[in-house]
Amino acid sequence: MRLLIGSAFLFAQLASIIYAQFGPSRYFCWAPNDYMVEYRLNVDVNGRTLTPQQILLRYRKPETGIYQNVVQHLEDLVQQYETTYGRNDHAHVLLTYSINGREQKEWKWPRH
Numbered sequence: 000m001r002l003l004i005g006s007a008f009l010f011a012q013l014a015s016i017i018y019a020q021f022g023p024s025r026y027f028c029w030a031p032n033d034y035m036v037e038y039r040l041n042v043d044v045n046g047r048t049l050t051p052q053q054i055l056l057r058y059r060k061p062e063t064g065i066y067q068n069v070v071q072h073l074e075d076l077v078q079q080y081e082t083t084y085g086r087n088d089h090a091h092v093l094l095t096y097s098i099n100g101r102e103q104k105e106w107k108w109p110r111h
């Protein structure tokens, strides 16, 4: 019985690692991090552009930086803030990023 439980646990861990390698986020995974995200946040609240200090206070992330995790985590961080604490701020966020020095991509909030 112990062998069966141990095997099931190890199989579940292996399955989560494989899933995370091919999924957009890696919140609960022991998979290695083999990339780096260079990013820039531009944020307007009620038509006023936020300063780098205001962005840092809002998201607890600097305006520009290197993030050593999947970009989905940055997107989730902005979306979580804007749907809770900032839901009445009418914020527009542009996240410009590059993964491992490749072409730049953009993510915008709100999503429509």
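Numbering that gives the first Met the number 0 puts the first residue of the sequence shown at 0, with every later residue one more than the last.
Yeah, the Cβ is synthetic: ideal placement off N, Cα and C, and Gly gets one too.
These numbers come from a predicted model, not from an experiment.
Cβ-Cβ distances below 6 angstroms link Y18 to nothing in the same chain once the five nearest sequence neighbours on each side are left out. Assigned with DSSP and collapsed to three states, E105 falls in strand. Within the same chain, Cβ atoms closer than 8 angstroms to the Cβ of Y80 are found at R57, Y58, the five residues on either side in sequence being excluded. Contact between the region 68 to 80 and the region 92 to 102 is present: three or more C-beta pairs spanning the two stretches fall below 8 angstroms. Distance from the Cα of G64 is smallest, within the candidate group T82, N41, R47, R86, for N41. When the beta-carbon positions are compared, K60 and L49 stay at least 9 angstroms from each other. Apart from the 5 residues on each side of it in sequence, Y66 sits with its Cβ closer than 7 angstroms to the Cβ of V36, Y38, L73 in its chain, given in chain order.
Beta-bridge partners of H91 (DSSP): D43.
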